[in-house]
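A.B. asks: Structure below; questions to follow.
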Amino acid sequence: MLVRWVEFDSQITLEEIKDRFMLDLEIEVSKSTLHRELDKRVYTFKSVHYEPLQMNDPTFKGKRREYVQQLRDLLGQGKIPIWIDETNFNLFTSRTKARSLRGRRAVFIRGGTQKGKNLHVIGAISTTNSQTWSVQATRCE
1 MLVRWVEFDS
11 QITLEEIKDR
21 FMLDLEIEVS
31 KSTLHRELDK
41 RVYTFKSVHY
51 EPLQMNDPTF
61 KGKRREYVQQ
71 LRDLLGQGKI
81 PIWIDETNFN
91 LFTSRTKARS
101 LRGRRAVFIR
111 GGTQKGKNLH
121 VIGAISTTNS
131 QTWSVQATRC
141 E
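Quick look at the structure:
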């Protein structure tokens with residue numbers, strides 16, 4: 001049961017596991033006992049690595065390869081690239097620790113957007129390391 005719960009939800013807390021034992025099996029167990037049992041099964045508690053759904057998709061790997069080739073061609077022509085980007089940074093907080101087997105990354109696949117205060121950030125940088133930032137705070141309703 002314990003391993004199945006952790007495999008299903010790697011971000012489950014010891015308190016939540018303790019509650020599940022009580023609700024599902026009517027067994028009272030301490031958090032320290034749960035910790036020892038997970039440790040015996042080689043589960044560690046580490047920072048979560050959020051992995052976008054398309055990160056290792058072959059199509060996107062090919063697009064990244066094309067981009068690097070085009071950039072190298074432009075640099076070879078003596079052109080100075082300037083990267084300009086804008087983003088909304090959401091200040092929503094979530095759990096950053098999860099359990100996984102020792103040697104395996106703790107992965108949680110995120111879906112959808114989260115509500116919270118947004119920062120609208122615009123930045124520009126070139127190969128000469130000059131940079132500019134513009135930040136505006138907005139409230140997401």
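Just so you know, we're using the UniProt record's numbering here: the sequence shown kicks off at 1 and counts up by one. For each residue, glycine too, the CB sits at the ideal point set by N, CA and C. In this text the structure is predicted, and so the values were computed from the model without any measurement.
1. Considering only the alpha carbon of each residue, which of E15, T33 and S134 lies closest to D85?
2. Assign I125 to one of three DSSP states: helix, strand, or coil.
3. K46 by DSSP, collapsed to three states: which one?
4. Less than 6 angstroms between C-beta atoms, sequence neighbours within five positions excluded: which residues of the same chain meet that for V107?
5. On a CA-only basis, which of K18, E26 and L91 is nearest N118? Give me that one, please.
6. Is the distance from the Cβ of R99 to the Cβ of S10 below 8 angstroms?
7. What separation, rounded to the nearest whole angstrom, lies between the Cα atoms of L2 and I17?
8. If contacts are defined as beta-carbon pairs under 8 angstroms, then I80 and T127 qualify, I think. What distance do you get, rounded to the angstrom?
9. So T44 and R102 are supposed to be a Cβ contact under 8 angstroms. How far apart are they, rounded?
10. Using the rule of at least 16 other Cβ atoms within 10 Å of the residue's Cβ for burial, across every protein chain shown, is V68 buried or exposed?
11. From D39 to R64, what distance separates their C-alpha atoms?
C.D. replies: Taking the definition as stated:
1. Residue S134 is the option with its Cα nearest to D85.
2. Residue state, collapsed to three classes: strand.
3. In the displayed model, K46 falls within a strand according to three-state DSSP.
4. Apart from sequence neighbours up to five positions away, the residues of its chain that approach V107 with a beta-carbon distance below 6 angstroms are H49 and E51, ordered along the chain.
5. Comparing Cα-Cα distances from N118 to each of K18, E26 and L91, the minimum goes to L91.
6. Taking 8 angstroms as the cut-off, the Cβ atoms of R99 and S10 count as close.
7. Cα to Cα, the separation comes out at about 8 angstroms.
8. Rounded, the Cβ-Cβ distance is 6 angstroms, consistent with contact.
9. Their Cβ separation, rounded to whole angstroms, is 5 angstroms, which keeps T44 and R102 in contact under 8 angstroms.
10. Exposed: under 16 other Cβ atoms inside 10 Å.
11. C-alpha separation (whole angstroms): 40 angstroms.
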